[in-house]
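Peer 1: Take 1 as the starting number for the sequence shown in my numbering and just add one per residue. Just so it is clear, CB atoms sit at the ideal spot from N, CA and C, and this is done for glycine as well. Have a look at the structure that comes next, please.
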Amino acid sequence: MIGRANVGKTLFVINFAEYLGLDEIELVIRFPNGFSTAKRYAIDHARRELTGLGPHKTRCLQSVQLDIPHGKGRKRVQITDTAGLIDTIHQDVEVRRAIAQTLNALRQVDLLLHIIDPTGVAREGARAALGEVDYQVAQFAQLRGRYCILANKMDLPGAREGLQRLIRELPGLYIIPISALYKRGFKEVKAFVCRHS
Ligand SMILES: Nc1nc2c(ncn2[C@@H]2O[C@H](COP(=O)(O)OP(=O)(O)O)[C@@H](O)[C@H]2O)c(=O)[nH]1
Ligand SMILES: [Mg+2]
1 MIGRANVGKT LFVINFAEYL GLDEIELVIR FPNGFSTAKR YAIDHARREL
51 TGLGPHKTRC LQSVQLDIPH GKGRKRVQIT DTAGLIDTIH QDVEVRRAIA
101 QTLNALRQVD LLLHIIDPTG VAREGARAAL GEVDYQVAQF AQLRGRYCIL
151 ANKMDLPGAR EGLQRLIREL PGLYIIPISA LYKRGFKEVK AFVCRHS
């Protein structure tokens, strides 16, 4: 899962897990130095601790294991929340390492979900709202066919307009409108993930 800060990546992961019937998640945290650790959270607790503008800036890869009901069985997928990509070479070596770790992980994933905030697209246009690096990654991933955009925060004013602008400026992308907050569009995301995993 990629996307700029504050677009709703973490809330999406937590609420999607809840939508699939989990009442707790196990977060596997992998640091750029190779160290990894696991932490269990009740869903409510995860929402309070991990989302929003807290001090917990993600500088590592955080994965959650999900069992998605599919036909008569279940599909096991691992969904990974990333540190996000930025367009400049950051002065902080920790951040640079986290970004290198994210780029490395991107080469190995089966499916790339790119979360964006369409209200930002309404304001500044698609390319600027996606961010240059994310935009390039998106172009690359699209070639591999395992890519979709989740246009989040569709509950907010201006989101529809942003979505229209996105479709106009980047035609041909597969876009699923969602609200991570209200769990809208999750059925479509689930179907997409099942089709490609
Ligand atoms: N209205 C609205 N707010 C959302 C939605 N998804 C996320 N948010 C809010 O956006 C902020 C950033 O969410 P977070 O998941 O921490 O973003 P991240 O930095 O991409 O991981 C939080 O305050 C969320 O509650 C949504 O669908 N609708
Ligand atoms: Mg986050």
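For L156, verify whether its CB is less than 7 Å away from any heavy atom of ligand 1.
Peer 2: yes
Peer 1: Does the beta-carbon distance from I68 to V189 come in below 8 Å?
Peer 2: no
Peer 1: Indicate whether F12 and L150 have their beta-carbon atoms separated by less than 8 Å.
Peer 2: yes
Peer 1: Applying the criterion that 16 or more other CB atoms from any shown protein chain within 10 Å of the CB defines a buried residue, is A38 buried or exposed?
Peer 2: exposed
Peer 1: Residues bridged to H114 by DSSP?
Peer 2: I2 and I149
Peer 1: Out of H114, Q78, V28 and T10, state which residue places its alpha-carbon closest to the alpha-carbon of Y47.
Peer 2: For the sequence presented, residue 47 should be read as Arg rather than Tyr. That would be T10, whose Cα lies nearest to the Cα of R47.
Peer 1: Whole angstroms are fine: how far does the CA of T82 sit from the CA of H56?
Peer 2: Model confidence at H56 stands at a pLDDT of 47, short of 50, so the residue's coordinates are unreliable; what they give is reported in the following sentence. Cα to Cα, H56 sits roughly 13 Å from T82.
Peer 1: Is the separation between the beta-carbon of A17 and that of V64 shorter than 8 Å?
Peer 2: yes
Peer 1: Taking the alpha helix (DSSP H) that G162 falls in, what are its first and last residues?
Peer 2: A159 to E169
Peer 1: Let me check you understand the geometry: is the CB of D81 closer than 7 Å to at least one non-hydrogen atom of ligand 2?
Peer 2: yes
Peer 1: Could you give the first and the last residue of the continuous beta strand (DSSP E) run that contains D67?
Peer 2: L61 to H70
Peer 1: I'd like to confirm the pairing. Which residues does DSSP put opposite G34 in its beta bridges?
Peer 2: As DSSP reads the structure, G34 sits in no beta bridge.
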